[in-house]
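Everything below concerns the one structure shown next.
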Amino acid sequence: RVVLSVKDLTAEVDGSPILKGVNLEVRSGEIHAIMGPNGSGKSTFSKVLAGHPAYEVTGGEVLFEGENLLEMEPEERARAGVFLAFQYPLEIPGVSNLDFLRVAYNSRRKEQGLEELDSFDFDDLIQEKLDVVKMNPAFLSRSVNEGFSGGEKKRNEILQMAILEPKVAILDETDSGLDIDALKIVAGGVNQLASPENSTILITHYQRLLNYIVPDYVHVMAEGRIIKSGSKELALELESRGYDWVLAQAEVGV
Ligand code: ADP
Ligand code: MG
Ligand code: MG
Numbered sequence: 007r008v009v010l011s012v013k014d015l016t017a018e019v020d021g022s023p024i025l026k027g028v029n030l031e032v033r034s035g036e037i038h039a040i041m042g043p044n045g046s047g048k049s050t051f052s053k054v055l056a057g058h059p060a061y062e063v064t065g066g067e068v069l070f071e072g073e074n075l076l077e078m079e080p081e082e083r084a085r086a087g088v089f090l091a092f093q094y095p096l097e098i099p100g101v102s103n104l105d106f107l108r109v110a111y112n113s114r115r116k117e118q119g120l121e122e123l124d125s126f127d128f129d130d131l132i133q134e135k136l137d138v139v140k141m142n143p144a145f146l147s148r149s150v151n152e153g154f155s156g157g158e159k160k161r162n163e164i165l166q167m168a169i170l171e172p173k174v175a176i177l178d179e180t181d182s183g184l185d186i187d188a189l190k191i192v193a194g195g196v197n198q199l200a201s202p203e204n205s206t207i208l209i210t211h212y213q214r215l216l217n218y219i220v221p222d223y224v225h226v227m228a229e230g231r232i233i234k235s236g237s238k239e240l241a242l243e244l245e246s247r248g249y250d251w252v253l254a255q256a257e258v259g260v
C-alpha cells in the first residue's frame, strides 16, 4: 500500500529553484534513507513536506494516503499522521513537556475519531513510552526542550514520535553535532517504532546511522533530485566510495 507518493516535485526558496523534480514512493512498513552531499536539497525536501512557509512549491504533487498533502496546513499534516520532528517548536518556555505531548496526542486522537485521554490515562501511556527512549521522567515536568542538550532533544523527538504514532515519520538528522549516543537513541527509537503499519523516511549523511537502522531502500539526492536508489548495500558502497561515482553516473555536477 502506497502511503506517500511524490511526483516531479519542484520547489524554490527566494526565487531560487532548489528541488528540481523529486520522485519517491513510500509504502506501508518501509524504511527509506535519503543520503547525499551537503546542499543537495535533503532538508529542503523535508521542509516542503512539512509545509514550511519559506519554501514555495512550483510543480509536481505529493499524495499522502491519496490526499493532496500540499493543500493541507502544517497542523493538519501532523494530525493526519505525518510526523516531522522539527515541525514541533524547538523550545517552549512555560509549557511542560508533559502538557505539550498530551495536547499533541489528543489532537491526533480527535482526528482519528477517538476520545481524548484524561491526564491519568495519559500518564500511564507516557510511562510506557518513556521506556522506548529510556528517558528520565523528570524531563516531563520541564519546559519543552528548554535547556535540553542535543542528545536530550533527540530523545524528546523520539518520545514525541512514540506518543503520536505517525503513519509516516520524516526525520532529518541535520545536526552535525549528533554524537554516537544520540545516533543510538534515534536508531533505537526508529527500530522499536517501525511496524508494518507505518513508514519512515530517514534523511541522514551519517552512513554510520544505517549500521543501526536497516533501511529497505537507500536514495541519493543531488542537485534537487533523487539520482540513484538502491538497497541497504548502496549505503555501504557510498561509505567506501563516496558520492562522486554516483554523480558521474547521473551526470550531475561534474
Ligand atoms: P541539504 O539538507 O541536502 O544539505 P538543503 O536543503 O539544506 O541541503 O539546501 C539545499 C540548497 O538550498 C542549498 O544550496 C542551500 O543554500 C539552499 N537553501 C536552503 N534553504 C534556503 C533558504 N532559506 N534561503 C536560501 N537558500 C536556501
Ligand atoms: Mg519495518
Ligand atoms: Mg540538511
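Quick note: the sequence shown uses the UniProt record's numbering, first residue 7, plus one each step.
Even glycine gets a Cβ: it sits at the ideal position worked out from N, Cα and C.
### Query
What are the boundary residues of the alpha helix (DSSP H) that Met-227 is part of?
Within the sequence shown, residue 227 is the residue found at index 221, counting from 1. Annotation for Met-227: no alpha helix (DSSP H) segment contains it, though the beta strand (DSSP E) segment containing it runs 223-228.
#### Entry: CB contact below 9 Å: Arg-85 versus chain B
No chain B is part of this structure, which consists of one protein chain only.
### Closest by C-alpha distance to Glu-257, when choosing among Ser-237, Glu-134, Leu-25, Ile-232
Walking along the sequence shown from the start, residue 257 turns up at place 251. Distance from the Cα of Glu-257 is smallest, within the candidate group Ser-237, Glu-134, Leu-25, Ile-232, for Ile-232.
### Query
From residue 5 to Ala-241, what distance separates their C-alpha atoms?
Here the chain covers residues 7 to 260 and nothing more, so residue 5 does not appear.
### Beta-carbon proximity list for Thr-50, same chain, < 8 Å, skipping 5 on both sides
Stepping through the sequence shown from its first residue, residue 50 is reached at position 44. Once the five neighbours on either side are set aside, the close Cβ partners of Thr-50 are Ala-17, Val-19, Ile-24, Leu-25, Tyr-61, Gly-230.
### Start-to-end residues for the alpha helix (DSSP H) that takes in Tyr-111
In the sequence shown, counting from the first residue as 1, residue 111 sits at position 105. 103-117 is the span of the alpha helix (DSSP H), which, as asked, contains Tyr-111.
### Message
Let me check one thing: in DSSP terms, what residues is Asp-15 bridge-paired to?
### Response
The residue given as residue 15 occupies position 9 in the sequence shown. Per the sequence shown, the amino acid found at residue 15 is Leu instead of Asp. For Leu-15, DSSP records a beta bridge to Val-28.
### Query
Around the Cβ of Ser-125, are there at least 16 other Cβ atoms within 10 angstroms (buried) or fewer (exposed)?
Against the sequence shown, residue 125 aligns to sequence position 119. With fewer than 16 other Cβ atoms from the protein chains shown falling within 10 Å of its own Cβ, Ser-125 counts as exposed.
### Message
For the stretch 55-71 against the stretch 98-108, do three or more pairs of beta-carbon atoms, one drawn from each stretch, fall closer than 8 Å, so that the two count as touching?
### Response
Contact fails: fewer than three Cβ-Cβ distances are below 8 Å.
### Message
Using only the alpha-carbon positions, how far apart do Ser-46 and Asp-129 sit?
### Response
As a working mapping, residue 46 is identified with position 40 in the sequence shown. As a working mapping, residue 129 is identified with position 123 in the sequence shown. The C-alpha of Asp-129 is placed about 42 Å away from the C-alpha of Ser-46.
### Pair within 9 Å by beta-carbon distance, Asp-185 and Gly-157
Against the sequence shown, residue 185 aligns to sequence position 179. Against the sequence shown, residue 157 aligns to sequence position 151. A distance below 9 Å separates the beta carbons of Asp-185 and Gly-157.
### Task
Quick one: grab the DSSP three-state call for Lys-173.
Working through the sequence shown from its first residue, we reach residue 173 at position 167. Correct three-state label for Lys-173: coil.
### Chain-ordered list of residues that sit, by beta carbon, closer than 5 Å to a heavy atom of ligand 1
Ordered along the chain, the selected set is Val-19, Ile-24, Asn-44, Gly-45, Ser-46, Gly-47, Lys-48, Ser-49, Thr-50.
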